[in-house]
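Here the structure is laid out as C-alpha cells; the discussion comes afterwards.
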Amino acid sequence: MIARFGAPPKAGVKYRMRPGAYAVLLRGTDMLITYQAAPDDEFQLPGGGIDPGESPVVALHREVFEETGWTIGAPRRLGAFRRFVFMPEYDMWAEKLCTIYLARPARRIGPPSEPGHSAHWVSVQAAVQMLGNAGDRHFAARFLR
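Convert by adding 6 to the 1-based position in the sequence shown; the result is the number in the numbering used here.
What follows is the structure in C-alpha cells.
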C-alpha cells in the first residue's frame with residue numbers, strides 16, 4: 007500500500023492519475039530544492055510529471071534539469087506516496103503518484119529553464135521546514151542528521 011499525504015479524495019470528484027518522479031539531492035548537509043512561484047507559491051523537491059511513453063528515470067533527469075539547471079547521477083528509488091490535489095495549470099483534479107529518488111547532483115549547467123522556478127541549496131533541516139507538502143517533508147526528513 008502506498009502512503010497518502012494531504013487531504014483525502016473528495017467524494018464525487020473524478021481524479022486523473024498523474025505519475026511523477028522527484029529527487030532528494032544532497033551535497034554534504036545541504037539539499038537542493040526548487041521554489042515554484044505559480045500556481046502555488048511553494049518550495050518543492052525538484053521533479054514533476056512523467057510524460058506518456060517516458061520512463062520515470064528519464065522524466066526525473068528532465069524535470070530536475072528544467073527546475074534546477076542541474077544534471078544528476080545515480081538515481082535510486084526511495085519510495086512513493088499519493089496525494090489528491092487540484093492542478094489549476096491543467097484544470098484537473100489529480101491523484102499524484104509521486105515516486106521519490108535519491109540522486110547525486112552532478113553539475114550545474116545554468117539557471118532553471120522552467121518559468122517561475124529557482125533552485126536553492128538549504129540545510130536538510132531547513133528543507134524539512136520549507137517544503138510545501140507533507141510527502142516531500144517526509145522523504146527529506148529521512149536525511150536529518
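Cβ atoms here follow ideal geometry from the backbone N, Cα and C, with glycine treated the same way.
Environment of valine 19 [buried if 16+ CB atoms lie within 10 Å]
Working through the sequence shown from its first residue, we reach residue 19 at position 13. The residue in question, valine 19, is exposed, as its Cβ has fewer than 16 Cβ neighbours within 10 Å.
For phenylalanine 90, which residues does DSSP report across the bridge?
In the sequence shown, counting from the first residue as 1, residue 90 sits at position 84. Phenylalanine 90 pairs with Glu101.
Buried or exposed (CB count within 10 angstroms, at least 16 for buried), isoleucine 8:
Residue mapping note: residue 8 aligns to position 2 of the sequence shown, counting from 1. By the neighbour-count rule (16 or more Cβ atoms within 10 Å), isoleucine 8 is not buried but exposed.
Would the beta-carbon of arginine 24 fall within 8 Å of that of lysine 102?
To locate residue 24, count along the sequence shown from 1; it is residue 18. To locate residue 102, count along the sequence shown from 1; it is residue 96. In contact: arginine 24 and lysine 102 (Cβ atoms closer than 8 Å).
Name the DSSP beta bridge partners of aspartate 36, please?
Residue 36 sits at position 30 when you count from the first residue of the sequence shown. Aspartate 36 is bridged to Arg33 and Ser129.
What does the alpha-carbon distance come out to for the pair aspartate 142 and methionine 136?
Residue 142 sits at position 136 when you count from the first residue of the sequence shown. Residue 136 sits at position 130 when you count from the first residue of the sequence shown. Rounded to the nearest angstrom, the two C-alpha atoms are 10 Å apart.
Would you give the residue range spanned by the alpha helix (DSSP H) that glycine 141 belongs to?
Translated into positions along the sequence shown, residue 141 becomes position 135. Run containing glycine 141: 140-147, per the alpha helix (DSSP H) assignment.
Of the residues Trp76, Glu69, Ile106 and Ala65, the one placed nearest leucine 84, counting alpha carbons only:
As a first step, residue 84 must be located in the sequence shown, where it is residue number 78. For the residues Trp76, Glu69, Ile106 and Ala65, the minimum Cα distance to leucine 84 belongs to Ile106.
For the structure I just gave you, are there three or more beta carbon pairs, one from the region 61-68 and one from the region 34-45, closer than 8 Å?
The region 61-68 is not in contact with the region 34-45.
Are valine 134 and leucine 150 close, meaning C-beta to C-beta below 8 Å?
Counted from its first residue, the sequence shown places residue 134 at position 128. Counted from its first residue, the sequence shown places residue 150 at position 144. Leucine 150 is positioned such that its CB atom lies closer than 8 Å to that of valine 134.
C-alpha gap between threonine 77 and arginine 110, whole angstroms:
Position 71 of the sequence shown, counting from 1, holds the residue named residue 77. Position 104 of the sequence shown, counting from 1, holds the residue named residue 110. Taking the straight line joining both Cα atoms gives about 9 Å.
I'd like the list of long-range same chain contacts for glycine 75, defined as Cβ closer than 8 Å, with 5 residues on each side in sequence excluded.
Position 69 of the sequence shown, counted from the first residue, corresponds to residue 75. Its chain contains Arg114, Ile115, Gly116, Pro117, Pro118, Ser119 and Ala125 as the residues whose beta carbon lies nearer than 8 Å to that of glycine 75, once the 5 sequence neighbours on both sides are disregarded; these appear in chain order.
Since threonine 77 sits in a beta bridge, which residues does DSSP pair it with?
Taking the first residue of the sequence shown as position 1, residue 77 is located at position 71. According to DSSP, which records beta bridges pairwise, threonine 77 is partnered with Arg113.
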